[in-house]
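Position one of the sequence shown corresponds to residue 1 (the working numbering), numbered consecutively onward.
Inspection log for the structure reproduced underneath, given as C-alpha cells.
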Amino acid sequence: MDKHTTWLAYIWALISGICAQWTLNDYINHGDGYAPGWRREFSRTGDGMTGNLYLKNEGRINLAIVDEAETPRMWLFKDKGGDGVHINNGNDGGGDFIFGKDGGFYASAVRAGIGRKLAVTSDNNSALSARFNLWGGGDRPTVIELDDDHGWHLYSQRNPDGSIRFMVNGEIFTTGSIHAGANTISTDGNIYGSLWGGWLNDWINNTIINRFVKDIRLGGIEYAQAWNGPGFNDTPGYVITGVGNGNSDELIDGIHRRPLQKLIGSVWYNVTSI
C-alpha cells in the first residue's frame, strides 16, 4: 500500500453477512465458510475488465441499456431453447432483430441505403414462405432465384458464355409493351419486327387482306327498254337480273342489269371479263 494513500472503511449489512468497503473502489469480504476473500467493484462512470462475464439463470436474463430515468433503450436477451439471440430498441419500439439458431437473420424489414432505401419486407400474412437465393453449379454458374414452399417462381441466370436467361414459371402480365431487341409486342396485340418489315397488321393487310377477295355482291340496278329501245350491249362485269313484259304481248318491254362486284381490302371493284 502506498504510504500516502488514505483508506476509509465502511460497514454495512448484506444478506450474506458483513463486509468492509474502502474507497478506491476496493473492498474485502468473507468467502465461503467465512474465509477471507477479495473482490473489486467496477466504477459506475466507466471501467474495464478482462475475461468472461457470465449471467446464470434458467429463465430469461436481459442485458439492457437505459437512460437516466432507467427507461430501457435497448434489450439483449436469449431464452433457453429459444429461436435465437434477440435485440430490440426497448421502449422506442420497432420489434425484435433475431440472430437465429439456424444461421439466419430475422426482422420485419431489412433496408439498405441511407437516403433512398432498398427494402426487403414481409407483412407476415402470406400463405407460404418465400426466399431469394443465389446459387450456381455445372452449366448454370450463377442463378438468382425466387421460390416459395411449393417451388420456383422465376430466376435470372448468367450462362457459361456470359449471356443472361430470364425464366418465369407461369404467366406474365404487363400494362405496357414487351420489347425483344428491336422488336415490340404492343398492348393491342400488334407485333413490330424486321421479319414483317414493320408492323404485322400492315404486312397482313398488304400481303393477304388487300390481295384476296373478301366478298362479292351485285351493284346498283340499271334499266333499259328492249322494245322500241336500245336495250343493253355486252358490258364487262354486268349480268342481266330481270326481263319485263308488262302487257304480256309477244315483245319484252325492258331489261334490268347489275354489275357483279368483288371486295378487296376495303374497296369494291367491278369484275372484268375475259
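Cβ coordinates follow ideal geometry from the N, Cα and C atoms, glycine included.
First and last residue of the uninterrupted beta strand (DSSP E) at residue i
i	result
I240	Y238 to G244
L76	P72 to F77
T121	L118 to T121
W135	A130 to G137
I98	D96 to G100
S163	Taken as a continuous stretch (DSSP letters only), S163 belongs to no beta strand (DSSP E), as it is neither H nor E.
CB contact flag (residue i, residue j, <8 Å)
i	j	result
N169	H153	yes
D239	I252	Note that residue 239 is Val in the sequence shown here, rather than Asp. The answer is no: Cβ separation not under 8 Å.
Y155	E171	no
F97	A107	yes
A130	D147	yes
Y192	N205	no
V271	G237	yes
A112	L118	yes
Contact set for residue i: own chain, Cβ-Cβ below 6 Å, skip 5 residues either direction
i	result
I221	H256 and R258
S16	The predicted model places S16 with a pLDDT of 48, which falls under 50 and marks its position as unreliable, so this point remains unresolved.
Residues near residue i by beta carbon distance below 7 Å, same chain, minus five either side
i	result
V267	none
N159	R165
Per DSSP, the bridge partner or partners of residue i
i	result
E222	R257
K262	I216 and Y269
L63	L76
T184	H179 and Y192
D47	Bridge partners of D47: none, in fact.
N206	The partner list for N206 (beta bridge, DSSP) is empty, contrary to what the question assumes.
Beta-carbon contacts of residue i that lie in its chain and below 8 Å, excluding the five residues immediately before and after
i	result
G229	G254
H150	L128
Using 8 Å as the threshold, is the region 253-261 in touch with the region 209-218, meaning 3 or more CB pairs across them? At 8 Å Cβ cutoff, the stretches touch.
Is it true that the region 84-97 meets the region 57-75, where meeting means three or more beta-carbon pairs spaced less than 8 Å apart? Pairwise C-beta distances place the region 84-97 in contact with the region 57-75, as three or more of them are shorter than 8 Å.
Should the region 76-83 be regarded as contacting the region 50-67, the criterion being three or more beta carbon pairs within less than 8 Å? Yes: the two stretches touch, three or more of their Cβ pairs being nearer than 8 Å.
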